[in-house]
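Numbering (the numbering used here), first residue to last: 8 to 202. Single-structure report; data block below.
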């Protein structure tokens, strides 16, 4: 039986780096953001329905995310329509991945808005990456084009870190790479031992 481990954490907490650590240990990692990129790319399953619902969102490389953002900014109710198109396709992509790796002991599902979307109900356990607020802020503001205002807007859409930590089965501290790697190895050992 494959153990479905959800991996989540707020922006700048080190989720991508931590996901690579699971991958480096040999466990398959599914990335929700990458799935959306595939669905929006030319030939992706979301292209036709999004282009039909949001005229002007189609570009040369599939769905133009910037054009789509502008459309959504003008019509706040449109987000529900977009989610109705994209969420089932992302869920199907995730199920295909789990099925493809059914012989593996652990599959890691990297889902940024895991608790916000209620995905934890389909998983066997959840690990949350976390660090001090100052480190998080420093990491995020060092990203190209990131502003304090945009950072605050992103945080306002995410569940607070303290609440994620309270709901997690495991917390992975990402203050240092060594600490994160040690936590990842411990989690994998626990899951394999208890299987």
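Glycine included, each C-beta is placed from N, C-alpha and C at the ideal position.
Check your understanding: Below 8 Å between beta carbons: does that hold for residue 195 and residue 14?
Key -> Between residue 195 and residue 14, the C-beta gap is not smaller than 8 Å, which leaves the two residues out of contact.
Point to revise | Candidates 73, 23 and 161: closest to residue 184 by CA position | key: Of the listed residues, the one whose Cα sits closest to residue 184 is 23.
Review point. Buried or exposed: residue 84, going by 16 or more other Cβ atoms within 10 Å of its Cβ?
Key: So residue 84 ends up on the exposed side.
Review point. Can you pull the DSSP bridge partners for residue 11?
Key: Beta-bridge pairing links residue 11 to 114.
Check your understanding: Which residue comes first and which comes last in the alpha helix (DSSP H) that contains residue 134?
Key -> No alpha helix (DSSP H) contains residue 134, which is instead part of the beta strand (DSSP E) from 132-137.
Review point. When you compare only the Cα positions, how much space is there between residue 12 and residue 162?
Key: C-alpha separation (whole angstroms): 24 Å.
Review point. Looking only at C-alpha atoms, which of 56, 101 and 174 sits nearest to residue 41?
Key: Among 56, 101 and 174, the Cα nearest to that of residue 41 is on 101.
Review point. From residue 170 to residue 73, what does the alpha carbon distance come to, in whole angstroms?
Key: For residue 170 and residue 73, the distance between alpha carbons rounds to 31 Å.
Practice item. Express the C-alpha separation of residue 75 and residue 153 in angstroms, rounding to a whole number. Key: One alpha carbon belongs to residue 153, the other to residue 75, and they sit about 20 Å apart.
Check your understanding: How would you write the range of the beta strand (DSSP E) that residue 62 sits in, first residue to last?
Key -> DSSP places residue 62 in no beta strand (DSSP E); its state is neither H nor E.
Check your understanding: If we ignore side chains and look at the alpha-carbon of each, how far apart do residue 57 and residue 193 end up?
Key -> Roughly 42 Å separates the two Cα atoms.
Check your understanding: For the putative contact between residue 137 and residue 168, defined by C-beta atoms under 8 Å, what is the C-beta separation to the nearest angstrom?
Key -> The C-beta distance from residue 137 to residue 168 rounds to 6 Å, short enough to meet the 8 Å contact threshold.
Exercise for review: Measure the C-alpha to C-alpha separation of residue 180 and residue 124 and round it to an integer number of angstroms.
Suggested key: Distance between the alpha carbons of residue 180 and residue 124: 23 Å.
Exercise for review: Name the two residues that bound the continuous alpha helix (DSSP H) containing residue 198.
Suggested key: DSSP places residue 198 inside the alpha helix (DSSP H), whose first and last residues are 184-201.
Point to revise | First through last residue of the alpha helix (DSSP H) which encompasses residue 95 | key: 85-107 is the extent of the alpha helix (DSSP H) around residue 95.
**Study point:** Cβ shell of residue 79 (< 6 Å), same chain only, five flanking positions each side left out
**Key:** Result list for residue 79: 85 and 86, in chain order.
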